[in-house]
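Protein chains in written order, with the numbering used here: chain A, 3 to 333; chain B, 3 to 333. For every residue, glycine included, the Cβ atom is placed at its ideal position computed from N, Cα and C. The block underneath contains the structure these notes are about, expressed in C-alpha cells.
Right, here's the structure in full:
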C-alpha cells in the first residue's frame with residue numbers, strides 16, 4: 003500500500019484518461035467520481051475502476067469524444083443521450099435541467115441513455131441532494147444475478163440509491179446493490195483469496211458456493227430473498243425498458259470482454275421537499291434523532307462521511323498493484 | 003371455515019360498515035379493497051381487518067362522514083386531504099387527477115394525508131397500473147420495527163409496492179413490508195399458536211425471539227439486514243415528513259388502543275411508460291420471458307392472480323370466528 007493525497011488521485015485519474023484519448027470535460031467528471039469514491043473509502047468504485055475505463059476507450063467501444071445531448075420530453079421528464087460516451091459527463095449535462103424541472107413540477111425524472119456507467123450511484127446523486135432535493139437513482143448492469151428460486155443469471159446487480167438532504171449536516175444517503183453483494187466485492191474477495199459468505203452466490207450448476215471464482219462464473223443471489231429479487235426486477239424494468247434501454251441480459255449478449263463499463267440506462271427521480279410542506283426537514287430530524295438514540299444504530303452514509311473527514315487531511319492508502327497498473331496505462 | 007362467494011363478502015363488508023356509521027361511498031371503497039384481498043387469498047388484508055375498521059368508527063377516531071379534498075400543488079404534485087376518514091375513499095378521490103398529471107408531465111406524485119390506512123398497497127395501485135402507468139406506493143404505519151443494529155421500535159412495517167402494466171396479461175405487481183414479516187402475519191401466527199421463524203423479531207429486551215406475543219410486545223426486524231433497514235427508513239421519510247405527515251413513532255405516541263387503522267400518510271408516484279419510448283412494454287416482455295424460462299422462478303403477483311381466478315367461481319374459505327365476529331358487529 004502507498005498513501006496518496008486526494009489531489010494526487012484526481013491528477014493521476016485525469017491524466018491516465020486524457021492519455022487514453024478521453025475529452026477533457028469527461029476526464030474531469032470521471033476523475034471527480036473516482037476521487038470522491040477513494041475519499042469515502044469506497045474502493046470498489048475508486049482507482050480500481052480506472053483500468054476498466056481505459057479498456058472501454060482502448061477497445062473503441064466507448065467514444066472518448068462523445069458530447070452528451072439533453073432532450074426535454076415532457077415538463078417533468080428529461081432524457082440525456084450519452085452518445086456512447088461515459089455516464090458521468092452525461093449526468094453532468096442534465097443535472098441542472100433536472101433540478102429546475104423538479105422545482106417547477108414538484109417531481110421530475112431524468113433518463114440517461116446510451117452511456118457507459120461505472121461509478122457509484124451515491125456519487126451521482128449527491129450533487130442533486132446537495133441542492134436540497136430528495137433523489138433516487140437506479141442503474142442496470144451486466145447480467146450477473148439469478149432471480150429468487152432461479153439457477154442462472156438474469157438481472158444485473160441493479161443498485162438503488164436514495165438521498166435525503168439535511169440542513170447543516172451530511173445528507174442521509176444509501177446506495178446498495180440489490181444482489182447480496184456487489185460484483186466488485188466478489189472480485190475483491192477473489193483478489194484477496196478469501197471465501198464468500200454463504201448466501202451470496204450460486205455456481206454454474208445453480209448450487210450454493212463460497213468460491214469467488216465459481217460465483218463469478220455462476221450467478222450472484224439477490225439480497226433478502228424474494229423481496230430483494232422483486233426490487234432487482236423493478237430496477238431492471240425502470241432503468242432498462244422504461245427508458246428505452248437494454249435489460250442486463252441484452253447487455254450481456256454484447257459479450258463485452260475488455261472489462262470496461264457496459265452500455266445501458268440510468269434513471270434519476272427527484273422530489274422537491276418544499277412541494278407539500280415547509281416542515282419536511284424538521285419532522286425528519288426528529289426521526290433521525292430517534293434513530294441515533296438507539297446505541298448500535300448508524301445512518302447509512304456515516305462510514306463514508308467519517309472516511310471523507312479523515313482523507314481530506316490524511317489522503318488515502320492505495321494498493322501498490324492498482325497504482326502500478328494505472329501508471330502503466332499512462333504509456 | 004365456511005365458504006362465501008365474493009359478492010357475499012362484499013355485501014357483508016359494506017353492510018357492517020354502513021351499520022357502524024360509515025358514509026356509503028367510503029363503505030363501497032372499503033368493501034371493494036376487502037373483497038379484492040379475499041379474492042386474492044391475501045387474508046391479512048381481507049375480512050380480518052373489518053373489526054379494526056369498525057373500531058376506528060366506534061371510537062370516533064375516524065370520521066365516517068369525512069369528504070376527502072383534492073388539492074393540486076404543482077403540475078406534477080397533488081395532495082388529497084383525507085379529512086380524518088379512511089384512506090380508500092381518499093385515494094379514489096385523487097386517482098383520476100394523478101393519472102392525468104402523470105400523462106401530461108411524464109411523472110407525478112400524489113400525497114394522501116390525514117387518512118386512516120388499513121388496506122393492501124397492491125389494491126391501491128392496481129387501478130392505476132390498469133390504466134397503463136407504472137406506479138409506486140408507500141405508506142407509514144405504527145412504529146413496530148427496530149432499525150438494523152437497534153433494540154427497539156422505530157419504523158413502521160413500511161411497505162413498498164410497485165406495479166408494471168402488461169398488455170393483455172395480469173400486471174407485474176409486488177407489495178411487501180420492509181420488515182421481515184408484516185405485523186398481520188405475526189398476529190395470524192399468534193392466533194394459530196405457531197412459532198415465528200428466526201430473524202423476524204426481537205423481544206422487549208432487544209433479544210431475538212420466536213414467540214409471536216414477545217415479538218408484538220418487542221419489535222419486528224427489517225428484512226435483508228442493513229439494506230432492508232435503509233429502505234424502511236426511506237419509506238418512513240417519504241410517506242411521513244416529505245408529505246407533512248407523522249413518522250410511525252409519532253403515530254405510536256397517539257396510543258391508539260382500539261385496534262383500528264392509524265392515521266398517517268401515503269405516497270403514490272406514477273410514471274407514464276410512453277414518456278421516453280414506445281417500446282417499453284415490448285422490451286419488458288423479453289425480460290419476463292427470460293425470467294419465466296428458469297424453472298423455479300415466479301413473478302411476484304402470480305399466487306394472487308391464481309387465487310383470483312379460483313375465487314371468482316368458487317368463492318373463498320372464511321374463518322368462522324372472523325365471520326361471527328363481523329356478524330356480531332352488525333348489531
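- For a Cβ distance threshold of 8 angstroms, nothing in chain B lies close to residue 88(A): the least Cβ distance comes to about 21 angstroms.
- Per DSSP, the beta bridge partners of residue 268(B) are 114(B), 141(B).
- The Cβ-Cβ distance between residue 70(A) and residue 84(A) falls below 7 angstroms.
- Counting along the chain, the unbroken alpha helix (DSSP H) around residue 190(B) starts and ends at 185-194.
- For the region 22-43 of chain B, the set of positions with a beta-carbon nearer than 7 angstroms to some beta-carbon of chain A is empty.
- Against chain A, the beta carbon of residue 166(B) has neighbours under 7 angstroms at 239, listed in chain order.
- Checking the DSSP bridge columns, you'll see residue 162(B) partnered with 140(B), 178(B).
- Selection 47(B), 141(B), 153(B) evaluated against residue 209(B) yields 153(B) as nearest (Cα-Cα).
- Annotation for residue 127(A): the continuous alpha helix (DSSP H) segment containing it runs 123-131.
- Closer than 7 angstroms to the CB of residue 109(A) there is at least one CB belonging to chain B.
- Straight through space, the alpha carbons of residue 183(B) and residue 49(B) are spaced by roughly 20 angstroms.
- Under a 10 Å Cβ-count criterion, residue 249(A) is classified as buried, with 16 or more other Cβ atoms of the shown protein chains found around its own Cβ.
- According to DSSP, residue pairing for residue 204(A) in a beta bridge involves 210(A), 221(A).
- Flagged as an interface residue toward chain B: residue 113(A), by a C-beta distance shorter than 7 angstroms.
- In the DSSP assignment, residue 16(B) falls within the unbroken alpha helix (DSSP H) covering 8-21.
- Identification of chain A residues near residue 97(B) by a Cβ-Cβ cut-off of 7 angstroms yields none; the smallest Cβ-Cβ distance measures about 17 angstroms.
- Contact of residue 154(B) with chain A by beta-carbon distance below 7 angstroms involves 296.
- Taking a cut-off of 8 angstroms for Cβ pairs, the region 277-294 of chain B and the region 232-246 of chain A touch, as three or more such pairs fall below it.
- Each of 107(B), 214(B), 313(B), 143(B) was checked against the Cα of residue 179(B), and the nearest Cα belongs to 143(B).
- Restricted to the region 262-318 of chain A, the alpha helix (DSSP H) segments that are unbroken, complete and at least 4 residues in length are 282-294, 304-316, listed in chain order.
- Taking 8 angstroms as the cut-off between beta carbons, the residues of the region 119-138 of chain B near chain A are 136, in sequence order.
- Under DSSP, the beta-bridge partners assigned to residue 74(A) are 80(A).
- In this structure, the CA atom of residue 255(B) is about 18 angstroms from the CA atom of residue 185(B).
- Note on residue 219(B): under 16 other CB atoms within 10 angstroms of its CB, so exposed under the neighbour-count rule.
- Scanning 308(A), 150(A), 47(A) for the CA closest to the CA of residue 11(A) turns up 47(A).
- Secondary structure of residue 230(B) (DSSP, three-state): helix.
- Counted as a single uninterrupted DSSP element, the alpha helix (DSSP H) harbouring residue 36(A) occupies residues 26-41.
- Between residue 42(A) and residue 93(A) a beta carbon distance of about 18 angstroms is seen, past the 8 angstroms cut, so the two are scored as non-contacting.
- Neighbours of residue 106(B) in chain A, taken as residues whose beta carbon is under 9 angstroms from its own, are 76, 77, 78 in chain order.
- At a Cβ-Cβ threshold of 7 angstroms, residue 269(B) and residue 232(B) do not count as neighbours.
- Residue 135(A) places its beta carbon 7 angstroms or farther from that of residue 181(A).
- DSSP places residue 237(B) within a helical segment (H, G or I) once states are collapsed to three.
- When the five nearest sequence neighbours on each side are left out, the beta carbons in the same chain lying within less than 8 angstroms of the beta carbon of residue 35(B) are those of 47, 90, 121, 122, 125, 126, in order along the chain.
- Using a CB distance below 7 angstroms, the part of the region 173-204 of chain A facing chain B consists of 176, 178, ordered along the chain.
- Non-local C-beta neighbours of residue 289(B) in its own chain, meaning closer than 6 angstroms and more than five positions away in sequence, are absent.
- Inclusion of residue 87(B) and residue 23(B) in the CB contact set at 7 angstroms is not warranted, their separation being larger than that value.
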